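A short write-up of the structure that comes next.
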Amino acid sequence: MTDTEPTDHKLTLRSLKATDYPDIKRIMDLIYSDMGGAWEPGEFAVLIDQFPEGQICIEDKGKVIAAALAIIVNAEEFEKRRHTYEDVVTGGEMSSHDPEGDVLYGVDIFVDPKYRGLRLGRRLYDARKELCETLNLKSIIFGGRIPGYGRYAHELTPAQYIQKVKATEIYDPVLSFQLSNDFHIKKILKNYIPEDTQSDSYGVLMEWNNIYYEKNRCCSAGARPIPASALSSGRCGLSTTWRNFSIR
Ligand SMILES: CC(C)(COP(=O)(O)OP(=O)(O)OC[C@H]1O[C@@H](n2cnc3c(N)ncnc32)[C@H](O)[C@@H]1OP(=O)(O)O)[C@@H](O)C(=O)NCCC(=O)NCCS
């Protein structure tokens, strides 16, 4: 942030609403201009309809400036085989979302460029981790971008590049962030997002394990198991998660 002082902010972490679409569109059009820009309103609405708890944002004085989107999937389907981003979002229908699945799949995370480096991405990941624990899901997984790789593709393999990022010899704008948020690398995903030329179309399957996960428990928010059908009704006690905070 260069144009406003930190004290000017009024930041709130909250669930996304369908009416936030214009703010989300503005950010996505800005940062994904070379990858097709923002989603269509219908694609955004499907996520909120299917799994409102998984769609988290940070607003500053009422305007959304960062968001993290997620669905629930079956680990078997995504951890054990190579998949693409399209397999996850299924043309915007999010049909891979399964309320009875066992892992949270991160569909996207983004911060308005003017608000980067203020640990807002970290805040969103903390909230997503809390959600994973509350819903008693095994882990969070996602295919992460490696947008710095394109510049090195002629001299390094993806594995060599990742090693250098891990060793902090190279800074990658996304992978360095994911690693610093305790995600570990499971697999390289070739052709994950074909139009992501910055990443030479590669993705990296990353994981964070929920150490509180218990196989035969449904949801940690209440003493009794909560049926999967209740997940979208806000009955998992998640409202206590959302709060105001300031940048430190
Ligand atoms: C990746 C992204 C979400 C990070 O958001 P952010 O709010 O700027 O990140 P944070 O400020 O929370 O950074 C957290 C950590 O990441 C690392 N990091 C982030 N920006 C950094 C920078 N400019 N230089 C060095 N490290 C950096 C740091 O280790 C930082 O750790 P710290 O909290 O100890 O300082 C943001 O850059 C973004 O929106 N990128 C474009 C969208 C995208 O590609 N998303 C990924 C989809 S897979």
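Heads up: the sequence shown begins at 21 in the working numbering, then just goes up one per residue.
Each residue gets a CB set at the ideal place from its N, CA and C atoms; glycine is no exception.
None of the values given here were measured: they were computed from a predicted structure.
Taking GLN218 as the centre and dropping the five residues before and after it, the same chain places the C-beta of PRO167, GLY170 closer than 7 Å to its C-beta, in chain order. Here ILE182 is not bridged, per DSSP, to any residue. Listed in chain order, the alpha helix (DSSP H) runs fully inside the stretch 187-238 are 195-200, counting runs of at least 4 residues. Shortest Cα-Cα distance from GLY164 to any of HIS204, ASP146, LYS134 involves HIS204. Looking at the DSSP output, ALA87 shares a beta bridge with CYS77, PHE130. Under the criterion of beta carbons closer than 8 Å, TYR212 and TYR52 do not qualify as touching, at roughly 14 Å. 8 Å or more divides the Cβ of VAL109 from the Cβ of ASP40. Per DSSP, the beta-bridge partners of SER35 are ILE76. The C-alpha of GLY74 is placed about 6 Å away from the C-alpha of ILE91.
With 6 Å as the limit between CB and the heavy atoms of ligand 1, the residues that fall short of it are ILE51, ASP128, ILE129, PHE130, VAL131, ARG136, GLY137, LEU138, ARG139, LEU140, GLY141, ARG142, GLY164, ARG165, TYR191, PRO193, VAL194, SER196, PHE197, SER200. Straight-line spacing of the CA atoms in ASP107 and ILE129 works out to 18 Å.
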